[in-house]
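Participant: Okay, handing you the structure first.
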Amino acid sequence: MTMAAFSYAYSEAGISNATEKLCFMAVGDCTDEEGYSHVTPSFIAAVACCDVASVPVHLASLSAQGHIDVVGGSFRDSLVIRVTEIARQYEATPRVKIVSKAVPRRIRDAVYERDGYACVYCGEETDDFSRSLDHVMPQSRGGEHTVDNLVVCCRRCNSAKRDRTPEEMGWHL
Ligand SMILES: [Zn+2]
């Protein structure tokens with residue numbers, strides 16, 4: 001999610017409750033290319049200036065309004081949230097250029113096999129849910145859907161890396 005796309009989606013979301021709005025911002029600010037966000041309840045509480053115990057209530061409200069779906073993780077440590085509202089508007093709006101196209105399956109499978117289904121940055125074994133593909137040279141900077149430019153990356157590392165190169169992150173392949 002680029003900042004421009006996020007700002008647009010955020011301004012259009014129309015969330016009236018101020019604390020919920022900040023919770024949504026905390027979640028939305030951490031989304032990866034596919035609209036998934038890995039955040040801790042304490043991070044959300046810090047951004048929204050609210051009690052961490054109230055975070056589940058705010059997220060339930062945002063979910064009921066169709067802005068997000070809590071799809072994994074736990075309220076004790078880290079949550080996995082799909083930002084439905086952002087993803088929908090991001091795809092629908094003609095004001096935002098969509099750079100992501102699906103990686104062809106044969107390329108995807110070749111990368112998975114080469115990297116042994118483990119995140120190349122942190123080494124974590126990935127499953128169907130936690131696995132994503134990272135463009136070593138980001139798409140937004142001209143990186144292509146090629147086996148040489150793609151690596152297996154856990155969603156956590158992908159969220160952190162965004163549109164930077166491994167060198168810029170101080171990471172090694
Ligand atoms: Zn990782």
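Following the numbering used here, the numbering of the sequence shown begins with 1 at its first residue and continues without gaps.
We put the CB at the ideal spot given by N, CA and C, even for glycine.
Since this is a predicted model, take the numbers as computed values, not measurements.
1. Between the beta-carbon of R82 and the beta-carbon of G35, is there less than 8 Å?
2. Please report how far the alpha carbon of D128 lies from the alpha carbon of I44, in whole angstroms.
3. If you draw a straight line from the C-alpha of T40 to the C-alpha of G72, how long is it?
4. If you drop the 5 nearest sequence neighbours on each side, which residues of the same chain put their C-beta closer than 7 Å to that of M137?
5. Compare the Cα-Cα distances from L62 to each of S42, S132 and G28 and report the closest residue.
6. Taking the continuous alpha helix (DSSP H) assigned at A111, which residues delimit it?
7. Pull up the distance between the alpha-carbon of C153 and that of D32, whole angstroms please.
8. Where the beta carbon is closer than 7 Å to any heavy atom of ligand 1, which residues qualify, in chain order?
9. If you measure between the beta carbons of A48 and A26, is that distance less than 8 Å?
10. Leaving aside the five residues before and after D163 along the sequence, list all residues of the same chain whose C-beta is less than 6 Å from its C-beta, in chain order.
11. Would you report the Cα separation of L173 and A160, rounded to the nearest angstrom?
12. Just reading off the alpha helix (DSSP H) that V175 is part of, what are its end residues?
13. For my contact list, H58 and T19 are in at a C-beta cut-off of 8 Å; report their separation, rounded to the angstrom.
14. Helix, strand or coil: how does DSSP classify I44 here?
15. From what residue to what residue does the alpha helix (DSSP H) around L22 run?
Facilitator: Judging by the given coordinates:
1. Counted from its first residue, the sequence shown places residue 82 at position 82. Counted from its first residue, the sequence shown places residue 35 at position 35. In contact: R82 and G35 (Cβ atoms closer than 8 Å).
2. The sequence position of residue 128 within the sequence shown is 128, counting from 1. The sequence position of residue 44 within the sequence shown is 44, counting from 1. Their Cα atoms are separated by approximately 26 Å.
3. Taking the sequence shown and counting its residues from 1, one reaches residue 40 at position 40. Taking the sequence shown and counting its residues from 1, one reaches residue 72 at position 72. Each residue's Cα considered, the two are about 12 Å apart.
4. Here residue 137 refers to the residue found at position 137 when the sequence shown is read from its first residue. Only G143, N149 and T165 meet the Cβ criterion.
5. Position 62 of the sequence shown, counted from the first residue, corresponds to residue 62. Residue G28 is the option with its Cα nearest to L62.
6. As a position in the sequence shown, residue 111 is number 111, starting the count at 1. Here residue 111 turns out to be Val, not Ala, going by the sequence shown. Start and end: R105 to D115.
7. By one-based count along the sequence shown, residue 153 stands at place 153. By one-based count along the sequence shown, residue 32 stands at place 32. Distance between the alpha carbons of C153 and D32: 11 Å.
8. C119, Y121, C122, E124, C153, C154, R156 and C157
9. On the sequence shown, residue 48 is found 48 positions in, with the first residue counted as 1. On the sequence shown, residue 26 is found 26 positions in, with the first residue counted as 1. Contact flag set, yes.
10. The residue labelled residue 163 in the question sits at position 163 within the sequence shown. Here the set comprises P138 and S140.
11. Residue mapping note: residue 173 aligns to position 173 of the sequence shown, counting from 1. Residue mapping note: residue 160 aligns to position 160 of the sequence shown, counting from 1. The alpha-carbon atoms of L173 and A160 are separated by roughly 15 Å.
12. The structure shown does not extend to residue 175, since the chain is modelled only from 1 through 173, so no value can be given for it.
13. On the sequence shown, position 58 is the one that residue 58 refers to. On the sequence shown, position 19 is the one that residue 19 refers to. With 8 Å as the limit, H58 and T19 qualify as a contact, their Cβ atoms being about 6 Å apart.
14. Locating residue 44 in the sequence shown gives position 44, where the first residue counts as 1. Helix.
15. On the sequence shown, position 22 is the one that residue 22 refers to. Its alpha helix (DSSP H) spans residues A18 to G28.
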